[in-house]
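Read through the structure below, which is laid out as structure tokens, and then see the notes.
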Amino acid sequence: MKMKASTLPILRAERLYLRPVTLDDVGERYLSWLNDRQVNQFLETRFAVQTMESISDFVARKINREEEPFFAICLNEDDRHIGNIKLGPISPYHHHADVSLFIGDRDQWGKGYASEAIAAISTYAFDQRGLNKLRAGCYGRNEGSARAFEKCGYVREGLLKGYLFEEEGETDMILLGLHKSDYRKNRGQAK
Numbered sequence: 008m009k010m011k012a013s014t015l016p017i018l019r020a021e022r023l024y025l026r027p028v029t030l031d032d033v034g035e036r037y038l039s040w041l042n043d044r045q046v047n048q049f050l051e052t053r054f055a056v057q058t059m060e061s062i063s064d065f066v067a068r069k070i071n072r073e074e075e076p077f078f079a080i081c082l083n084e085d086d087r088h089i090g091n092i093k094l095g096p097i098s099p100y101h102h103h104a105d106v107s108l109f110i111g112d113r114d115q116w117g118k119g120y121a122s123e124a125i126a127a128i129s130t131y132a133f134d135q136r137g138l139n140k141l142r143a144g145c146y147g148r149n150e151g152s153a154r155a156f157e158k159c160g161y162v163r164e165g166l167l168k169g170y171l172f173e174e175e176g177e178t179d180m181i182l183l184g185l186h187k188s189d190y191r192k193n194r195g196q197a198k
């Protein structure tokens, strides 16, 4: 299947950049991330064994979707793909979207790359896409994810008690959000 070139920009940050995910990204490393119990413990993909075919199908469905930009998180120093981040779906009527991500390369955990990627995609969402509100959610015991969003100005806006299930049973979902006025205030910009 021939895919047209992506119209999504490359988003630059201090130590990483975000570029559109392509079918070339689908390989053994990507597959190993999604089948790694530590990596996928808070991902919905963990409920099914992932295969090259299932990942290729997912990526093919996400390529060139302006309403759901899907980016590879890559390190500036060596262009290594370490995870993914997605914005959307973007609501054209309410001007909001969800942000979701994972760092698949466990050697890169705890280095602040998730926060850097969240900051880059938030800037893109507010400054280039004109969004009004961003949302994120994470499992109650996934404090690392919650902290990564909070470092970028997101605030905890709610808790859905017993909303999700893990092997141990039900668990809460933390809801986080960032409004464009708070984003601008945090950056020292006028509303």
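Position one of the sequence shown corresponds to residue 8 (our numbering), numbered consecutively onward. C-beta atoms are modelled at their ideal positions from N, C-alpha and C, and glycine is treated no differently. Quick caveat, the model's predicted, so the values are computed rather than measured.
With 16 or more neighbouring CB atoms inside 10 Å of its own CB, N91 falls in the buried class. In the three-state reduction of the DSSP assignment, T178 falls in the strand class, which pools E and B. D112 is not a Cβ neighbour of I128, given a cutoff of 7 angstroms. The criterion of a C-beta distance shorter than 7 angstroms is not satisfied by F65 and V28. Residue pairing by DSSP places N91 opposite A79 and F109 in a beta bridge.
Distance from the CA atom of Q115 to the CA atom of A67, rounded to whole angstroms, is 26 angstroms.
Taking the Cα positions, L18 is about 9 angstroms away from T130.
Look at the stretch 122-171 and you find these whole runs of alpha helix (DSSP H), each 4 residues long or longer: 150-158.
Around R163, the same chain offers A153, E157, I181, L182 and L183 as residues with beta carbons nearer than 8 angstroms, after the five sequence neighbours per side are excluded. Measuring C-alpha to C-alpha distances from L108 to each of R194, H186, A126 and S39 identifies A126 as the nearest. Under the 10 Å beta carbon count, V56 is surrounded by fewer than 16 other beta carbons and is classified as exposed. If you keep only unbroken alpha helix (DSSP H) runs of at least 4 residues inside the stretch 13-81, you get 35-41 and 59-69.
E175 has its alpha-carbon roughly 39 angstroms from the corresponding atom of Y100. Taking the Cα of L138 as reference, the smallest distance to any Cα among E21, A79, T52 and D105 is reached at D105.
By the beta-carbon neighbour count (other beta carbons within 10 angstroms, threshold 16), K93 is buried. Looking from the CA of S188, the closest CA among G144, Y161 and N47 belongs to Y161.
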